[in-house]
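K.L.:
Protein sequences appear in the order of chains B and C. All letters in the first sequence, in the order written, are residues -11 to 563 by the numbering used here. All letters in the second sequence, in the order written, are residues 1036 to 1812 by the numbering used here. Where a beta carbon is used, it is the ideal one built from N, C-alpha and C, also for glycine. Here it is, the structure, as structure tokens.
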Amino acid sequence: MNHLITALLVLPIVGALVVATLPKAETKLAHGVGIAFAVLEFLVSLPLISGFAVGQAGMQFETNVPWIAEFGINYHVGVDGFSLWIILLTTLLTPLCIWGAWNSIDKRGAEFVASMLVLETGMIGALVALDLILFFVFWELMLIPMYLIIGVWGSEQRVAAAIKFFIYTMVGSALMLAAMIYLAVAHWQASGGVWTFDLQALQQVVLTPQAQALCFWAFVASFAIKVPLFPVHTWLPDAHTQAPTPGSVILAGVLLKLGTYGMLRFAFPLFPLAAGEGAQILAILAIIGIIYGALVAYVQTDAKRLVAYSSVSHMGFIVLGIASVSTQGFTGATFQSLAHGLTTGALFMAIGVLYERRHTRLISEFGGLAKVMPWFTAFFMIAMLGSAGLPSLVGFVGEFLIVVGAFAEGGLTLINAPVLVTVAAVGVILGAVYLLLLFQRLMFGPLTNPKNEGLADLGLRERLVFLPVIALIILMGVYPQPFLSRIDPTSQAAVASFNLKRCASIRHALGERPVMMETLVDRCADPVAVIAATYGDQRLSANASAPTTPPPAAAAPPPPPPAAEGAAAPQGGQP
Amino acid sequence: MNETEFNLHFIPLFPLLGAVFNLLLGKQLLRSLGDRLGREVVHLVAIGAIAFSCFFTISAVFEVMVGQDYDRLVDSVYPWIVSGDLHIGFDLVLDHLSAVMCLVITGVGLLIHIFSVGYMAKDPDYGRYFAYLNLFCAAMLILVLGKSLVLTFVGWEGVGVCSYLLIGFWFTDDAKATAGRKAFIMNRVGDFGFILGMLLIYTVVGSLDVDAIARACALGEQSPLVQKLIFGVPIATVATMLLFVGCTGKSAQIPLFTWLPDAMAGPTPVSALIHAATMVTAGVYLIVRLNFLFALAPVTMAVIAVIGAATALFAATIGITQNDIKKVLAYSTVSQLGYMFLAAGMGAWVAAIFHLVTHAFFKACLFLGSGAVIEACHHNQDIRTMGGLREKMPVTAGTFFVSCLAIAGIFPFAGFFSKDEILLHAYANESRGIFTPGGMELNYILYSLGALAALCTSFYMFRLYYLTFEGKFRGDHHTWHHYVREHWIMSLPLVILAGFAAIGGLLGWPHVFGGVIHIDHVLEQWLEPITSLSGTYGGEYTVGVREQFLHEGHVGSGMELTGMAIGLGIGIAGWVFARRLYLDGPSEQAAMLAKRFSALHAASSAKYWVDEIYDVLFVKPVRMIGQLCHQVGDMLLIDGVGVQGTAGAVGVLGTLTKAWHNGNVRRYLASLTFGVAILLGVIYLNPQVSRGDILPKNAAGERELAPDIGLRRTFGAQSVNMDLFWGLFKIHLPGKAEQDAAARRGPPGGEIIRAPALEPAKNPDGRPLNGGAGGQP
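Shown next, in the form of structure tokens:
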């Protein structure tokens, strides 16, 4: 039992309550208290790194206490390689965002800060939850403060954007909830009457192929909207454009990642058979998104909209990595989540700086800013190059791992993976095209607009807000290993357990009822061989084609399945 | 192989630190220490950093490698990207090839840093300039020192960014910023190929370490790189083609060359360092670095040779008509790089590197010379308004002339030897039956292209020289009288570089002269450990063996001497021709010739409209498709039809159904009754439902408790497990059948799939399925 995560979940809520009780007129005080709580939250989250056992794949810092015992709903939280760094990204970005908005939020400051803090709890909760209902609660909890942030503190068409955001997300959530309940019932059946919503227990249920497909796509519908995947991405440009700067930063930095995180954590491991078959569709949608997002970004006239569309393009890479179901793909996807959060977060902050000064986001209003705002230009350039995937900056590492994973190892789930990767790589070219164009039109050229002549460069506060993000963009590109080494074991284990369960699902392909994994495991000694025999093996990697060489760590036979927790009432015990 | 650990990371580290120092403090220094002292600190730090690298490299190469007889020095700095089987270390290696490159980069780089002190003396962004220059050197050193291809790629993109920053150094001029962006994007197109090439190699070799690739290639034709196919083509061929795409971008070859002439927007020392001596040769370096891999792909080799030769001639013909002093040199660079690729494509690795080195000397000297001229003429670059400058700047003119002799291939200057070696290889290396247009062997075509390009080279270089330095001054009075005097800090690098341009040929003294003066082909011997990697294969994969042919006399000394004579003749012909036409400014004859061949002349001076063609083919369509996606895809289809359509449909439905909810209780009651009647009717009029025989019978003729099959019959192929829902209809199930079924079931495990599936009929406590709707007896 470890209370660190619980502290992380409670602290922002306490902060929000404190802020809400402060006198209404004291906006700056509320802001300051909010920052203090957010910073405290960040400090409290640091032991996650120091206490994290490197090389361990499973959950750490776990807490599991019953919540609604009749239905087996638990308060079960924990952290592993997939969630660790995104949680830290959340706790880092939240104080920076609140601090960054020191001047730009001019009404209802206390409410704004409280919303941000509640949002933080929602995001961290969704990242640590290991119980489906708990996850769903946090998932929906994120929605409300974000809705308010866009709808109350946004720009001109904020209400329309907020409603669009809300309804889009709700549609997905409804489907996901139905699938969650279905899955729990299936477990109830398969296990002989044990109710549970615990992720690790539900992991042990093997659904029939058709049921897997329905559940998988119900989960994916929710996550794909969040990512957002083409063609359900159109809420994003509106939400980003209308949201205030901190809202955009959190939205791009963390909220979108929850979509891909959900795929990694729930949709793929729970329904591997359907995921294996659906990966191709996901990958194609992701690649369409990569190219389409880049092309649309290229023609935007609004700087914020441009960056928003670039998110559509970049998130496509993450989905591609997940769809490849490979160690590098999973690790790369997780790392790229961080990379995108930092670079796009920084770009949104930068555009926020411009908006604060000039109250316009139109690219054509600017030009030649490098002369008057050198610090700003330097930070913007590093973020821009990081976003464009320049090696030695953060964006390259994730992108490279993803393309390696998809290209070499993706052949079990993807058809013609090299072709897919080739098309995706065109997105890398286009990424440079629109980002450099944006940069040139904002920063270079003569300073023609007289309104820009007096623009102040970044002040000390703004520089301090940018500094950690920019420093991480460089550090994580130059020396990503501390990050990767904590993600990678989880990825390896996830791939192995995915393959095992996929194999079990194949064994159960003709079944008509959900069953527990344990009844199938003894027929899954070599999962990859079974998958390859069923779906074909298109992997190009060296170890796939040369079975004589001893398989390296990643290809080693998966560990024996963990005992189904709590739910494993023996079949014979039934009346 | 004989290797040892050595702290190689200092070589790129010092320029990197210099760059960081000047980026952070450069501006402050100029402000706080005063202009003069501030500049001193800035350039001393920058020059000190690169000088340190230079001396460190020299000591590593000459004391450790030569002195202690090590083949290579390695340095594993830290693991960079590790995931699953993929291991990419930040590992550096200094072997015979990277030693040559490092010496060129740090040596020429140091001279250009020194020259920049004079050239940029009045620029307000002094610190930023030197920071970028240092950063470039660091990236370029990582490129050549990287042990893994990925690390090479880090340097590869790193130099691209520095190039982007330095081309657009004077960013307030939008055209210059655009030129930088163009360079970056065209390089990105090439890098796209580089990444895919790396991925393909990784899939076969399982590593991107150059040593691992070399081991995989050592099997020759049996190598998995050749044996494994992708789309029916050996992976080695596809991978090398993709890598070569990367090379065309970085080294400005057809079709990705148009960025280099535009790159002349940057400060001239930058053009000398990046766009002549170092960065643009990275493609050649990459091919020679991976010579063992390219040797396994004869088709790629032929393509490289053809592209190289074609680029050499194509760019040379453009160079003839350009009037901007830097543009001439830019096209000349493209053309000379073409020679290097021609050599590489012929498997003449040594010749390629030899020309790379000599070209670095004379082209850097030419560019710096042009920089001095531009500075003297108050940033005028048009050679039509120059002339007679020799009188004002004798050192520049002299060094420029020496370099012209070198590039034109006049004996005994450096270019003569290196260019001649390439042409000899082109002539002697019979094509391997891959490409014989019209029955003619490829090598004769390549030789002719190369020789023709040499003629053009000699002509445009001396045209440039005579128009700039000889004759009468054609510019305005003011410039002539107030020219900027030569300063030693700019002249010194010129003199040193011209010295190397004059004697650099000694590095590759031909064997045929061996009998006359006893000097070995130093470079060939030095690069032996690298080139021998590809020289061991038999059959058609023999490109590396070409080196041996020369030793063993397959190419007769007569042929070699004849080749030299022809080369020299070509060089002199071009010189004489240019002298006749341009000795005293552009002569009437020149104008007449231009008129007679007006179509050719127009095409050449318009650079064959390549930029315009690319604009129509790529730039505009991408913009159009982008607009289309935005307007039609997002706004019309997804948001318009999809989102608004759904919202609209919901709205219409709402309006329609609103009418029923009018608060009239009688109507509510009526619809309620009506609805219940329909439901009951459906249930009781459907014989299957009412009789409860929707459940299939089993072998014993009794109904099984598998109600979902009944549903499946109703709803088609859907087999969603609907037990919970189905509990509603359990009223009709006979109790006895259920008991029998439970008895028949027996112990679990026998029927893995079905056994547990039958459980949910009851809970352990015996409660009915979902609490109450059913009537469990």
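(1) Between C/S1258, C/K1182, C/N1415 and C/N1042, which has its C-alpha nearest C/F1091's C-alpha?
(2) Short of 7 Å Cβ to Cβ, which residues in the stretch 1226 to 1243 of chain C face chain B?
(3) Which value, in whole angstroms, describes the spacing of the CA atoms of C/S1242 and C/L1652?
(4) How about C/I1565 and C/L1132: are their beta carbons less than 8 Å apart?
(5) Between C/P1114 and chain B, is any beta-carbon pair separated by less than 8 Å?
(6) Checking contacts by CB at 8 Å: is B/D476 closer than that to chain C?
(7) Is there at least one Cβ from chain B nearer than 8 Å to C/C1197's Cβ?
(8) Check whether the Cβ atoms of C/A1253 and C/V1240 sit closer than 8 Å, and answer yes or no.
(9) Just verifying my parser: in three-state terms, what is the DSSP assignment at C/L1121?
(10) Starting from B/E265 and walking both ways along the beta strand (DSSP E), at which residues does that stretch end?
(11) C/R1107 by DSSP, collapsed to three states: which one?
(12) Check this for me: beta carbons of C/E1521 and C/V1408, under 8 Å apart or not?
(13) To the nearest angstrom, how far is the alpha carbon of C/T1690 from that of C/T1681?
(14) Taking 8 Å as the threshold (beta carbon to beta carbon), is C/A1212 in contact with chain B?
(15) I need the DSSP call for B/I61, collapsed to helix, strand or coil.
(16) Considering Cα atoms alone, identify which of C/S1183, C/P1269, C/I1355 and C/R1223 is closest to C/D1244.
(17) If contact means a Cβ-Cβ distance below 8 Å, which residues of the stretch 409 to 421 of chain B contact chain C?
(18) Could you spell out the range, first to last residue, of the beta strand (DSSP E) harbouring B/V53?
(19) In the DSSP assignment, find the alpha helix (DSSP H) that holds C/E1040 and state where it starts and stops.
(20) Taking all protein chains shown into account, do 16 or more other C-beta atoms lie within 10 angstroms of the C-beta of C/F1266, making it buried, or fewer, making it exposed?
(21) DSSP state of C/Y1703, grouped into three classes?
(22) Can you tell me whether DSSP reads C/A1383 as helix, strand or coil?
(23) Can you pull out the residues from the stretch 181 to 194 of chain B whose beta carbon lies closer than 7 Å to at least one beta carbon of chain C?
(24) Any idea if C/I1648 is buried or exposed, counting beta-carbon neighbours within 10 angstroms, 16 or more meaning buried?
(25) Could you tell me whether the Cβ of B/P438 comes closer than 8 Å to any Cβ of chain C?
(26) Who does B/A117 pair with in a DSSP beta bridge?
(27) Look at B/S461 and B/V509 and say whether their C-beta atoms are less than 8 Å apart.
(28) Just to make sure I have the definition right: I need the residues of chain C whose C-beta is within less than 8 Å of the C-beta of B/F432. Which are they?
(29) Relative to the C-alpha of C/P1302, which candidate in C/D1226, C/R1163 and C/W1384 has its C-alpha closest?
(30) Report the partner residues of C/V999 according to the DSSP bridge assignment.
(31) Assign C/Y1501 to buried or exposed, taking buried as 16 or more other Cβ atoms, counted over all protein chains shown, within 10 Å of its Cβ.
(32) May I ask which residues mark the beginning and end of the alpha helix (DSSP H) holding B/W176?
(33) If you follow the alpha helix (DSSP H) that C/C1197 is part of, which residue opens it and which one closes it?
(34) Would you identify the three-state DSSP class for B/V6, choosing helix, strand or coil?
(35) Would you kindly report the start and end of the unbroken alpha helix (DSSP H) that includes C/W1561?
(36) Identify the contact partners of B/K359 in chain C, using a Cβ-Cβ distance below 8 Å as the criterion.
P.N.:
Judging by the given coordinates:
(1) C/N1042
(2) F1227, I1230, L1231, L1234, Y1237, T1238, V1239, V1240 and G1241
(3) 37 Å
(4) In this structure, C/L1132 lies closer than 8 Å to C/I1565 by Cβ.
(5) yes
(6) yes
(7) Using beta-carbon distances, C/C1197 does not count as an interface residue toward chain B, since no partner is under 8 Å.
(8) no
(9) Note: C/L1121 maps to strand in three-state DSSP.
(10) Annotation: B/E265 is outside any beta strand (DSSP E); the continuous alpha helix (DSSP H) that includes it extends over P260 to Y286.
(11) strand
(12) no
(13) 14 Å
(14) A Cβ of chain B is located within less than 8 Å of the beta carbon of C/A1212.
(15) strand
(16) C/S1183
(17) V409, T410, A413, V414, V416, I417, L418, A420 and V421
(18) Q48 to I56
(19) Where C/E1040 is concerned, there is no enclosing alpha helix (DSSP H), although the beta strand (DSSP E) it sits in stretches over E1038 to E1040.
(20) Exposure of C/F1266 is indicated by the presence of fewer than 16 other C-beta atoms within 10 angstroms of its C-beta.
(21) helix
(22) coil
(23) G181
(24) exposed
(25) With 8 Å as the cut-off, B/P438 does not count as an interface residue toward chain C.
(26) B/V65
(27) Looking at the sequence itself, residue 461 of chain B is Ile, so the reference to Ser does not match. No, the Cβ-Cβ distance between B/I461 and B/V509 is not below 8 Å.
(28) G1203, F1206, T1207, D1209 and A1212
(29) C/R1163
(30) Here chain C has residues from 1036 to 1812 only, and residue 999 of chain C is not among them.
(31) buried
(32) Per DSSP, the continuous alpha helix (DSSP H) segment holding B/W176 begins and ends at R146 to A178.
(33) L1184 to I1202
(34) helix
(35) Counted as a single uninterrupted DSSP element, the alpha helix (DSSP H) harbouring C/W1561 occupies residues V1557 to T1566.
(36) Near B/K359 (Cβ distances below 8 Å), the residues of chain C are T1207.
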